[in-house]
Amino acid sequence: MPEGHSVHRIANQFEAHFVGHRIAASSPQGRFADGAAQLDGLTMTDAEAVGKQLFLEFAERQDAPRRWLRVHLGIYGAWDFAGDVSVDPTVLASIGAPRRTRLRMAESEKETELTEFPPPPVGQVRVRLLTDTAVADLRGPTACEVLTPEEVAAVIATLGPDPIVDPGQASEDRFVEAVRKRRTPIGLLLMDQTVVAGIGNVYRAELLYRAGLNPHTPGNTLPEDVVRALWRDWAHLLNIGVRTGQMLTMDGLDAEGRARALANRDDRHWVYRRAGLPCRTCGTNVVLEVAAARKLYWCPVCQA
DNA sequence: CATCGATGTTGAG
DNA sequence: TCAACCTCGATGG
Numbered sequence: 001m002p003e004g005h006s007v008h009r010i011a012n013q014f015e016a017h018f019v020g021h022r023i024a025a026s027s028p029q030g031r032f033a034d035g036a037a038q039l040d041g042l043t044m045t046d047a048e049a050v051g052k053q054l055f056l057e058f059a060e061r062q063d064a065p066r067r068w069l070r071v072h073l074g075i076y077g078a079w080d081f082a083g084d085v086s087v088d089p090t091v092l093a094s095i096g097a098p099r100r101t102r103l104r105m106a107e108s109e110k111e112t113e114l115t116e117f118p119p120p121p122v123g124q125v126r127v128r129l130l131t132d133t134a135v136a137d138l139r140g141p142t143a144c145e146v147l148t149p150e151e152v153a154a155v156i157a158t159l160g161p162d163p164i165v166d167p168g169q170a171s172e173d174r175f176v177e178a179v180r181k182r183r184t185p186i187g188l189l190l191m192d193q194t195v196v197a198g199i200g201n202v203y204r205a206e207l208l209y210r211a212g213l214n215p216h217t218p219g220n221t222l223p224e225d226v227v228r229a230l231w232r233d234w235a236h237l238l239n240i241g242v243r244t245g246q247m248l249t250m251d252g253l254d255a256e257g258r259a260r261a262l263a264n265r266d267d268r269h270w271v272y273r274r275a276g277l278p279c280r281t282c283g284t285n286v287v288l289e290v291a292a293a294r295k296l297y298w299c300p301v302c303q304a
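The UniProt record's numbering puts the first residue of the first sequence at 1, with every later residue one more than the last.
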């Protein structure tokens with residue numbers, strides 16, 4: 001699935017083109033007919049991303065009770081936007097006019113031509129959210145449900161800090177404390193959404209590499225400054241991800257390297273998906289091991 | 001064209 | 001620990 005950065009971009013897209021608009025909600029696939037009926041005709045009043053979860057708020061009127069749609073894309077979910085939407089939602093404010101197009105927002109983003117509006121739903125569309133000028137289709141989510149504000153608060157309470165939602169020192173402190181009180185290996189703690197929200201398998205491998213950390217190191221044996229640096233690096237990479245829409249983890253590259261990283265996913269990471277290939281730094285073969293049913297890539301020399 | 005695998009989570013056993 | 005969820009791009013024949 002998209003890791004935290006994409007979910008923030010999706011929230012930005014909703015913020016820019018759906019919030020403040022009256023929404024026609026439907027479930028072309030039928031599996032979310034009841035939920036869609038609860039939202040149909042309401043106005044979207046807010047769009048928030050926390051970790052990998054997306055929350056869209058709806059209300060009848062300004063002072064009316066609020067309802068939230070909670071969406072988690074899981075491993076292969078995606079939102080498809082079409083109509084007047086931003087090709088790059090993060091630059092909308094400076095560019096102004098949206099572009100009439102079709103945009104898939106999942107693990108990667110792809111733009112295609114739009115011939116009619118609204119486009120007929122393609123495939124299994126769980127939810128369609130339609131305004132006069134823009135449409136969002138959700139497919140393949142692992143979670144899609146209508147919640148009360150209290151239920152949303154309860155979900156968010158289970159999540160660790162997200163550096164974009166809470167950029168302050170308190171979030172860093174929370175992360176440091178959560179990591180340093182547990183014997184669990186840091187490689188698993190980074191994937192634990194109650195410890196930090198939004199990191200997935202790619203960012204985990206890359207953050208550990210960048211920190212020179214052995215994934216098996218127990219959290220409670222890590223020096224405080226190492227854990228703080230880890231948090232700051234996550235915040236740094238997340239911001240790059242939200243800005244570019246790509247999980248670029250090899251910053252500091254020259255212009256040529258940057259172009260290569262943007263063009264080829266094989267040249268984009270230090271260790272992720274590089275099992276058996278030489279480490280870019282020391283030449284040692286990158287190791288692949290399976291931990292908690294996920295593939296973990298790391299360099300046994302650089303991350304000794 | 002068939003098969004595989006994935007940037008994730010939940011819940012059963 | 002592992003299957004299920006449910007989609008689609010990449011890969012191989």
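C-beta: ideal position from N, C-alpha, C; glycine also.
Among the residues of its own chain, which have a CB less than 8 Å from the CB of residue i, if the five just before and after it don't count?
i, result
"residue 92", "Confidence in residue 92 is poor, its pLDDT being 40 and thus under 50, which makes the residue's placement too unreliable to answer from."
"residue 105", "2, 6, 9, 10, 13, 78, 79, 80 and 81"
"residue 286", "271, 274, 275, 276, 277, 278, 279, 297, 298 and 299"
Is residue i near the ligand ATP, going by C-beta to nearest heavy atom under 7 Å?
i, result
"residue 230", "The ligand ATP is absent from the structure shown, which contains no ligand whatsoever."
Going straight from the alpha carbon of residue i to that of residue j, what length do you get?
i, j, result
"residue 277", "residue 49", "35 Å"
"residue 300", "residue 217", "12 Å"
"residue 149", "residue 25", "19 Å"
"residue 288", "residue 70", "34 Å"
"residue 44", "residue 191", "31 Å"
"residue 304", "residue 22", "55 Å"
"residue 116", "residue 203", "38 Å"
"residue 27", "residue 118", "15 Å"
"residue 220", "residue 207", "18 Å"
"residue 227", "residue 189", "11 Å"
"residue 183", "residue 159", "20 Å"
"residue 41", "residue 282", "59 Å"
"residue 120", "residue 130", "12 Å"
"residue 186", "residue 154", "26 Å"
"residue 171", "residue 201", "21 Å"
"residue 231", "residue 175", "7 Å"
"residue 122", "residue 62", "34 Å"
According to DSSP, is residue i part of a helix, a strand, or is it coil?
i, result
"residue 239", "helix"
"residue 56", "strand"
"residue 26", "strand"
"residue 72", "strand"
"residue 147", "strand"
"residue 103", "strand"
"residue 83", "strand"
"residue 154", "helix"
"residue 293", "coil"
"residue 127", "strand"
"residue 267", "helix"
"residue 172", "helix"
"residue 273", "coil"
"residue 259", "helix"
"residue 9", "helix"
"residue 3", "coil"
"residue 162", "coil"
"residue 226", "helix"
"residue 119", "coil"
"residue 37", "helix"
"residue 16", "helix"
Please go through the same chain and pick out, in chain order, the residues whose beta-carbon is closer than 7 Å to the beta-carbon of residue i, but skip the five residues on each side of it.
i, result
"residue 72", "52, 53, 141, 142 and 143"
"residue 280", "270"
"residue 29", "124, 125 and 126"
"residue 214", "303 and 304"
"residue 205", "271, 272, 296, 297 and 298"
"residue 212", "302 and 303"
"residue 152", "55, 68 and 70"
"residue 133", "83 and 84"
"residue 33", "27"
Have a look at the DSSP bridge pairing and note the partners of residue i.
i, result
"residue 285", "278"
"residue 231", "Looking at the DSSP assignment, residue 231 forms no beta bridge with any residue, so it has no partner."
"residue 42", "DSSP lists no partner for residue 42."
"residue 218", "185"
"residue 138", "79 and 127"
"residue 66", "59"
"residue 50", "53"
Once the 5 residues before and after residue i are set aside, which same chain residues still bring their CB inside 6 Å of it?
i, result
"residue 138", "79, 126 and 127"
"residue 147", "68 and 70"
At which residue ranges does the region 178-216 contain complete alpha helix (DSSP H) runs of 4 or more residues, listed in the order of the chain? Here the runs fully enclosed are 186-189 and 201-211.
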